[in-house]
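Asks:
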Amino acid sequence: MKHDIATIGELADLSAFDEIIDVRSPAEFAEDHIPGSVNCPVLDDRQRSEVGTLYKQVSPFAARRIGAAYVAENIADHLRTRFCQRDRNWRPLVVCWRGGQRSGSLTHILRRIGWDAQQLEGGYKTYRRLVIGSLAEIPRRLSLTVICGATGSGKSRILQAIAARGEQILDLEELACHKGSVLGLLPNCPQPSQKMFESRLLTSLATLDPRRRVFVEAESRKIGSLQVPEALIETMRAGACITIEAAIESRVDFLLRDYDYFLNDPDLLLARLHALRHLQGSETIRRWAEYTRHASWRDLVRELLQLHYDPLYCRSQKQNYSGFAAPKTLSTTDLSTSGIDTLASRICAG
């Protein structure tokens with residue numbers, strides 16, 4: 398076995414290294430990467446494109462010739478900047494797409510200097526296979542308690558308040574950067590790629606103790622554009638349910654606070670409402686547009702709940718969550734910060 402090649406059988410093996418260096422291009426790194434790794438590309442996005450084009454249109458030799466020059470320049474820069482303060486005992490793991498020439502180049506140089514650098518066998522693709530396998534297994538070991546409730550019931554805030562009391566939670570909407578509905582997009586917070594979402598999810602799952610209960614908010618299979626892994630959604634749907642029954646006016650108040658960014662950007666709100674035209678009809682969308690233009694926010698939110706969200710919620714929960722047939726129910730007329738803390742306290746008390 399080569400001494401500069403690292404073979405990992407599970408994600409925990411990655412902790413044996415002082416640092417994980419991902420040498421792929423910034424665009425590849427942005428799509429997904431091993432959590433905690435640093436990006437030190439040996440080819441940037443433009444250089445990678447140029448080398449790939451030469452390989453296809455001219456010859457592999459021409460591509461390797463210019464590629465080697467770029468790689469040498471970039472590695473030299475990393476040595477002068479990123480790695481210049483590393484001590485003699487530093488032991489990094491070097492990762493590229495499939496454990497080939499890019500990671501091999503940096504590993505070779507680092508080892509010649511004297512560091513015990515290791516190249517990940519199979520590269521990022523090895524890591525990705527482990528992610529897929531882990532996400533098919535870990536969720537099934539958990540005991541999930543699902544927080545249910547119609548839109549505007551403060552479920553995400555309740556989940557955060559439960560965490561503040563020392564309980565375990567899995568906050569899927571935070572991981573997905575989305576609130577899980579047609580109006581769920583977050584301003585200035587684009588959703589991660591599906592692969593990055595799954596990496597974030599696995600990192601969160603790895604912190605959970607399967608011997609203790611885990612609270613999670615009821616979700617559909619998709620959160621925005623992202624798919625919840627099958628093993629997790631199945632485990633959630635088999636979990637015990639706690640339903641929040643909040644008075645509609647308290648839900649309206651909560652949503653006006655929680656989605657206040659829409660009130661400051663009516664054009665964005667109108668664009669999102671237009672996406673509901675096939676479900677609600679043109680007349681309803683025109684009326685909601687009028688509410689928006691005249692800042693009749695309470696009327697708009699109340700109708701959105703009554704005509705769209707509540708019917709959708711009832712159908713979804715009854716069909717998908719087995720625990721919804723006989724849930725523990727908590728009623729409230731107060732979704733203020735103190736009201737949410739009270740609900741969280743009641744939930745944690747069991």
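FYI, in the working numbering the residues of the sequence shown are 398 to 747. Don't be surprised by glycine CBs; every beta carbon is placed ideally from N, CA and C.
In chain order, what residues of the same chain lie with their CB nearer than 8 Å to the CB of V375, ignoring the 5 residues before and after it?
Replies: Coverage of the chain is limited to positions 398 through 747, which leaves residue 375 absent and any answer about it impossible.
Asks: Using a 10 Å radius around the Cβ and a threshold of 16 neighbouring Cβ atoms, would you call I529 buried or exposed?
Replies: Answer is exposed; the Cβ neighbour count stays below 16.
Asks: Taking all protein chains shown into account, decide if N661 is buried (16 or more other Cβ within 10 angstroms of its Cβ) or exposed.
Replies: With fewer than 16 other Cβ atoms within 10 Å, it is exposed.
Asks: Start and end of the beta strand (DSSP E) containing C574?
Replies: Note, C574: premise wrong, no beta strand (DSSP E); not H, not E.
Asks: When you compare the stretch 564-573 with the stretch 636-656, are there three or more beta-carbon pairs, one atom per stretch, that lie closer than 8 Å?
Replies: In short, these stretches do not touch, since the Cβ pair count stays below three.
Asks: Measure the C-alpha to C-alpha separation of D429 and L490 and round it to an integer number of angstroms.
Replies: Roughly 17 Å separates the two Cα atoms.
Asks: Consult DSSP for R525 and reduce its assignment to one of helix, strand or coil.
Replies: The answer is helix: DSSP assigns R525 an H, G or I state.
Asks: Thinking C-alpha only, which one of L670, R712, T450, L556 is nearest G581?
Replies: Looking at the Cα atoms, L670 is the closest of the given residues.
Asks: Under DSSP, the beta strand (DSSP E) around Q703 begins and ends at which residues?
Replies: Where Q703 is concerned, there is no enclosing beta strand (DSSP E), given that its DSSP letter is neither H nor E.
Asks: Can you tell me whether C638 is helix, strand or coil according to DSSP?
Replies: Looking at C638 - three-state DSSP - the assignment turns out to be strand.
Asks: State the DSSP-derived secondary structure class of S596, mapped to helix, strand or coil.
Replies: Here S596 sits in helix by DSSP.
Asks: Tell me which residues share the same chain as A686 and place their Cβ nearer than 8 Å to its Cβ, disregarding the 5 neighbours each side in the sequence.
Replies: Only L667, L670 meet the Cβ criterion.
Asks: How far does the beta strand (DSSP E) with C745 in it extend, from its first residue to its last?
Replies: That residue, C745, is in no beta strand (DSSP E); its alpha helix (DSSP H) goes 734-745.
Asks: Please state if the CB of R562 and the CB of C745 are separated by a distance shorter than 9 Å.
Replies: Closer than 9 Å, so yes.
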